[in-house]
Structures are given as structure tokens and as C-alpha cells.
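Chains as they are written, first to last, in the UniProt record's numbering: chain A, 1 to 326; chain B, 1 to 361. Note that the Cβ used here is the ideal one computed from N, Cα and C, for glycine as well.
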């Protein structure tokens, strides 16, 4: 079995589902012959034709609105926003229609669609190509927000997202698109959309994160282990609806929590997790919850971007602060 | 001088404001006078329905309501031309088209009366149509997406959307007609130009002499019609639907009409437009000309008018009663349609609200 990267796992999932379900299609800018600017749809147009792998006009609003129409008619469109920084014109169609259709028609019309977008910073990209904006979607009812952090989870979660009867935002951390390869059997097995993944067991502190930041969290756990501190690492992966139980169980065990994310700190999704911990796990906590996040600035152009993104050192420091506090 | 391309916009009208036939080549459907009487009757019932809605709002039994007064020819012309298997994506005042496709007046009352069940159209073909779309022109792309689905699956169906003159300024409209041209989609987009987008008049909405010509830019067949002349609207629709169904591409139809009422019941048009203009609008309204024409043909008269109005009154009274008798949904209905299955976290919020109910909050 071949070893594949996260981006290749995306392609593998799309190809699998398109081969097994005629209603699945992809649409977006440059997704056809070019295979997408990151090659997520590489080779799909050859296999499935120009209509099911559709190069749209260059208008994100069109992509999102047409996706709503396709989905209501029973197609399962997988729309691509070329970068998360270009997703803003899509938001009206996503918030006012995709996420709302089932509710406002009492279930008569539904939108089984996926909106994919390469997400996040750290690849020395131009302006508007490095945003972390998942928190703008986690507050929209009726929308699932999913972010894989490994090839296997990209494959399984994307299959689940396509099969889900409701709209799913599928953010792909582009910094780790080609970080490493692993074996991902092309068996069509989906992963659940409503559970967090515990990537590493630990007893002293819980590191809660998602997306590309999983890499830093795991490295921080190694570093902490070298210093005799046992860190549990949770990949939230399915941000909404949130599986808070898995996080709560871990924090009840460790008594300490560090939330790590790329997006700005204020009202980032980490704030929601911290608030839930305060509401439901207050008396399990041995130390204040720490957040290691991007700053409340725009992510800088790339000469400074690594200063903006949470580093292993910042995560390790935060974890040690929680231990010093108790 | 070398001309790269040249365009023109046809204007189509069969009946003038007084109901005088201005051309002899009546389309086939208009030669069937029984059918024309049916169309007139639906226009009249739409007007009775609209008056009833406003009366309901004024007496506190309905929320904000968007009237369709003056749009009856445009709306019934659109709805009556479509086949059941086609899909309609309206904005929020096209009741004439929707009643034709099976939307029930009680559903309109429910929606404007604050109940999502108004969007759950019970009767086909409306049941597979889109619900009202409040964010302006967004429905154009839903129609384009539907048309794309029909093309992919090889279905001979057409997606129809309607917007106003204001809607034709929005990117969603341009995006929809653009992809329809690029992909040769079976899309018919009707701009019901009623001259006003709340308080903003047509002349400062766009510098284009016609709104129809926006379709030319997208490579679509484009025509302007007298939107108060149902024969013209219906004929342009039939031609556009036929072209779309036979794979010859999409169309933009501009139906020129006039908004005789306020934008909604929350609006007061006297703030921004003069009485004379509205009087002129009434001179050209769509009911009178069709009635005059039918009376001249000997198939309609005052007695029939009164009898049908009385029937409509009774119909609407029944619908109003059905609406007023509908119990408010249980509070749990807020949660039941957010996802196909209620997630655990959301179920906790629902249970909390239910516990408040049980405590009598």
C-alpha cells in the first residue's frame, strides 16, 4: 500500500466517493485540468468529466450559491475555495442559505454540501493566503466545521463530510499538506464527525488543538516528556458540533489545559473551549486554562509569520506555567 | 469603423393599457379564451389575497408583509408558463406565480406570521420549489445550481428565478447569468422591474437603458416585455423555457411593471415618491387591460367578476382561518431542524428550554 500525504488523501477521498456515488461532484476555480492550485483535484476531471469536475467562473459567490442549488437538487457538491482568505464572498450563501435551508423549510429542502478550503499560515504565501478564520464559521448554526490534521483523518473525515446530509466546512491545514506520508487504505471507511481524537495519552496536562497546530502540540508533548511532564494531546478535528466530553474527561484527569490555535485570540474557538471548561470543569482545574494562539493582529506577511504562529516553545512554556501554578 | 459585436433589445407588448390589442400575432395560449379567463381569475384572486394580507397586518394578525399589488400579470405570467417539473426560486412577493404552483395562501400567512412552516409548501409542484429568499438576488444562484444539476443529469427541466430591478445590481445575479452563459444552463431569470427598490428609483439603480441588456453581457437571450401585459410575459416565458429545455441556453426577461403599494407594510412610500407617479401607475395596471380585452371578447362581465370575487373572498377567509387556527410550534422546533439529527450538545440546550417551559416560563 502506498504512503500518501494529507493533500493526496483529500484527492483519494474525492476519487473514492465520486466513483461510488454519481451525485458527488467537485467545483471551483482551477479544479479541472489544472487539478487545483494545491493539486487536491489532480486527475479527477480525466476520470469523471468536465461537468462533475467543473471549472467555475472566477467568482466565489457563484461557487457557493451554485453549490446550494446543486445540493438542494440532490447532488452532493464539494466546492473549493482556492484559499480561506477568499472565502468571505461565500459567507452570505453559506450563512443565509446552506446552513439555514433545512431549518427554514422545516426539513423540506436540505444542503448536503462540502465547502473545502486550504487553511492557515506558514507557507510563505502572499497576502490573503494564510488566514485562520474557522471561528467565523463555528458560530453559525446548522454548519459543521471540520479540520483534519493527518492523511488518515483527512481521508476519513472528508468521506464523512461528503456523506453527511448537512453542509460541512472542511478546512485543510495547508502547512501540513505535505508534511509527512502515512498509509491510508482506500477502503471508503469514514471517520465519525462528532468525536475528538486523543492523539497521545498523558496525565499532567491536556493540550487541545486542531489543524496544523497539532504538529506543534505533539512536538511540545515530546519536549515536555523529556522534562518529565506527561502531556495528553487532543485533536478537536470536528470543531462544531463540539465533542466537549472528550476534552472534559481529559481535563478531569490532568487538571490542566492548554488550548492552542492559529487564529486570533479574542473570540477564537479556544475561547469557547475555555468557557466550557470554566462552566463544567471548574473544580477539576488545578491551574488557570492557558491559551496559546495567534495574536489579535492580521497574520503578518511572511517575513514575520512564524513569529505570529504558536511555536513549540510557547506551548511548552504555557504547559509549564500550568504545572507551576499547582 | 469596425464593429466587434452589435446588440438590440426587443420590447414585447400585446395589450396596451386600455386592453387594446397592439399586434395581431397572438400566441396560441392567448387564442384559448377559457385559459385566458383562468389566468385573469388567478390574477384577481391574487389581488384579493394581497388585500386580505394587508388587512391582516393592519389588524395585528400578521407581521411585516411584502405586497404584490400591481405585479399580478408578471407573476401569473411566469408561474403559468412553467411546467410542474421545473423549479422556481422566487424572492418574496411573487404570490401570483406561487399560487399557480400550489403554494397555499395559509402558507404565505404563516411565513409572514412568524412561523417557519410557511416555507414547508405542502402541495406539488411548489413542494420542490425554493422557499422565499430575503437576501436580495441570492436565489439566482440557487436557480443556476439547479439548472446545472438538470444539465448534469440530462433532465429536461428548467430553473426559473425572479428578482427585482434592485436585485439586478447584485453580484449574485451577475454570477448566475454569467455561469448560465458559460455552461449553457437551462436558466430563465426574470427581472420584475417595478421601478422601486424600497426608496431607490430605477434610474439610480443602474445606468443601463434596459435591465434586460445585462443578460447580453452574459451571452443570454434577453428581452424586455410589458410586465403589466400577461400575454407578453407569458409569451416571453414560453419561448425562454422552450429554448432552455431544448438545450439552447438561458434567458433574461425584464418585465416592466410598477409597484403600486409600499415596499412592505413597514414602509411608507409617500416619503419618497409623488402621488402623480402612483396615479400614472394605476393607469397602466395589469388587471384593467386584461378585463377590458376579455369583456370585448364576450367571455367576461361584471356579474362574473363579482361572483369570482365572492368566491375568492370565501377562499381567503378559509385560508385566514386555517392560519389563525394553527397552533404555535412547540419550543423544541427551534432545535429539531438545525441538523438531520440533533447533536448531543444541542439536545442539552433543547432540554434546558423545555425545562423552562415546564416551569411555566
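- Assigned with DSSP and collapsed to three states, residue 147 of chain A falls in coil, not helix or strand.
- Fewer than three Cβ pairs drawn from the region 20-36 of chain B and the region 248-259 of chain A lie within less than 8 angstroms of each other, which leaves the two stretches out of contact.
- At least one C-beta of chain A is nearer than 7 angstroms to the C-beta of residue 343 of chain B.
- Closest in alpha carbon position to residue 82 of chain A, among A:158, A:170, A:156, is A:170.
- Shown in chain order are the members of the region 135-160 of chain B whose Cβ falls below 8 angstroms from a Cβ of chain A: 135, 138, 140, 141, 142, 143, 144, 145, 146, 147, 148, 149, 150, 151, 152, 159.
- Residue pairing for residue 251 of chain B: DSSP places it in a beta bridge opposite B:188, B:221.
- In its chain, beyond the 5 residues on either side, 172, 175, 176 have a beta carbon closer than 7 angstroms to the beta carbon of residue 141 of chain B.
- Here the C-alpha atom of residue 192 of chain B lies approximately 29 angstroms from the C-alpha atom of residue 154 of chain B.
- Neighbours of residue 127 of chain B across chain A, judged by C-beta separation under 8 angstroms: 108.
- Contact between residue 102 of chain B and residue 125 of chain B is confirmed by a C-beta separation of about 6 angstroms, below the 8 angstroms threshold.
- The count of Cβ pairs closer than 8 angstroms, one atom from the region 78-90 of chain B and one from the region 54-70 of chain B, stays below three, leaving the stretches out of contact.
- Identification of residues in the region 322-355 of chain B having a C-beta nearer than 7 angstroms to some C-beta of chain A yields 337, 338, 339, 340, 343, 345, 346, given in sequence order.
- Burial is judged here by how many other beta carbons sit within 10 angstroms of a residue's own beta carbon; residue 247 of chain B has fewer than 16 and is exposed.
- Its chain contains 61 as the residues whose beta carbon lies nearer than 7 angstroms to that of residue 324 of chain B, once the 5 sequence neighbours on both sides are disregarded; these appear in chain order.
- For the 7 angstroms CB-CB criterion, residue 140 of chain A and residue 99 of chain A form a contact.
- The Cβ-Cβ distance between residue 41 of chain A and residue 26 of chain A falls below 7 angstroms.
- Rounded to the nearest angstrom, the Cβ distance from residue 108 of chain B to residue 53 of chain B is 7 angstroms, consistent with a contact under 8 angstroms.
- Beta-bridge pairing by DSSP links residue 292 of chain A to A:260.
- Here residue 165 of chain B is buried, its C-beta having at least 16 other C-beta atoms within 10 Å.
- One finds 56, 57, 62, 66 in chain A with Cβ atoms closer than 7 angstroms to the Cβ of residue 179 of chain B, taken in chain order.
- Non-local beta-carbon contacts of residue 291 of chain B in its own chain, meaning distances under 8 angstroms to residues more than five positions away in sequence, involve 19, 40, 300, 305 in chain order.
- Taken atom to atom, the span from the alpha-carbon of residue 30 of chain A to that of residue 56 of chain A is near 8 angstroms.
- Listed along the chain, the chain B residues whose CB falls inside 9 angstroms of the CB of residue 93 of chain A are 135, 138, 141, 142, 172.
- With its beta carbon at least 7 angstroms from every one in chain B, residue 159 of chain A lies outside the interface.
- Using a Cβ-Cβ cut-off of 7 angstroms, residue 34 of chain A does not count as an interface residue toward chain B, since no Cβ of chain B sits closer than that to its own.
- If you look at residue 184 of chain A, you'll find it isn't in any alpha helix (DSSP H); DSSP assigns it neither H nor E.
- Counting only the Cα atoms, residue 182 of chain A lies some 27 angstroms from residue 313 of chain A.
- Under the Cβ distance rule, residue 104 of chain A counts among the residues neighbouring chain B, one pair being separated by less than 7 angstroms.
- Among the residues facing chain A, residue 175 of chain B is included, as its CB has a counterpart in that chain under 7 angstroms away.
- Within the region 49-107 of chain A, the complete beta strand (DSSP E) segments of 3 residues or longer fall at 53-55, 76-80, listed in chain order.
- Under a 10 Å Cβ-count criterion, residue 261 of chain A is classified as buried, with 16 or more other Cβ atoms of the shown protein chains found around its own Cβ.
- Legend: CB atoms of the region 140-165 of chain A lying less than 7 angstroms from CB atoms of chain B belong to residues 141, 142, 165.
- Scanning the region 294-338 of chain B for uninterrupted alpha helix (DSSP H) segments of 4 residues or longer gives 302-325, 333-336, listed from N- to C-terminal end.
- The Cβ-Cβ distance between residue 158 of chain A and residue 13 of chain A falls below 7 angstroms.
- In terms of Cα proximity to residue 148 of chain A, the closest of A:130, A:168, A:142 is A:168.
- The way I'd put it, the region 101-115 of chain A does touch the region 108-124 of chain B; three or more beta-carbon pairs between them come closer than 8 angstroms.
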